[in-house]
Amino acid sequence: RNYHLKINRLNPGGKESVLCLGFLLEKEINNGYRENFVNPFLAMMGGSEPSSASLRSDLIEKGDAAGNLFSCVQFNEKTKSISFWMCEDIFKKFEDYYISIVRTDSWTCLKHRNVQLIEASYSD
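Residue numbers (the working numbering): 1 to 124.
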C-alpha cells in the first residue's frame with residue numbers, strides 16, 4: 001500500500017536534500033539522534049563530531065535494536081508530507097513505533113513533532 005503521513009514544520013534543508021530522506025522506526029524515541037546534527041561542510045573542514053549517539057554507527061553495530069531505516073520516501077514540500085510504500089503486515093507490526101525523519105546524506109534526524117506510524121493514511 002502507498003501510505004501518506006503529514007509532518008508539520010518539517011524542513012529537510014533544501015530541494016537537493018529531499019532526495020536524501022528516509023525515516024527511522026523506533027519503539028521509543030532516541031533524542032540523541034535528533035540532537036546529532038552535523039553540518040556536512042563543517043565536518044569536511046575538520047569540525048569535530050558531536051558527543052551524542054551516531055545513528056549510522058548504531059544501525060551498523062546494533063541493527064534493528066537501534067531502529068529500522070526506510071530510505072525510499074517521497075517528500076511533498078507543499079503539503080509537508082511523506083509518502084512511502086509498505087506491506088500491510090509490516091505496517092501492522094510497526095504501527096505503534098515512532099517515526100523520525102532522517103537525512104541519509106548526513107545521518108541526522110530532523111526535528112519535527114512526535115509521530116507514530118499508525119497516523120499514516122493509505123491509498124490504493
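All C-beta atoms, glycine included, are put in the ideal place defined by N, C-alpha and C.
A quick note: this is a predicted structure, and the numbers were derived from the prediction, not measured.
With a contact defined as Cβ atoms closer than 8 Å, Ile7 and Tyr98 miss out at about 12 Å. Shortest Cα-Cα distance from Ser100 to any of Asn31, His4, Asn2, Arg1 involves Asn31.
When rounded, the separation of the alpha-carbon atoms in Phe70 and Val115 is 15 Å.
The C-beta distance from Phe84 to Tyr33 rounds to 19 Å, too long to meet the 8 Å contact threshold. Fully contained in the stretch 87 to 121 are the following beta strand (DSSP E) runs of length 3 or more, in chain order: 98 to 103. In this structure, Leu59 keeps its C-beta atom at 8 Å or more from the C-beta atom of Cys109. Beta bridge pairing from DSSP links Ile82 with Leu5, Phe75.
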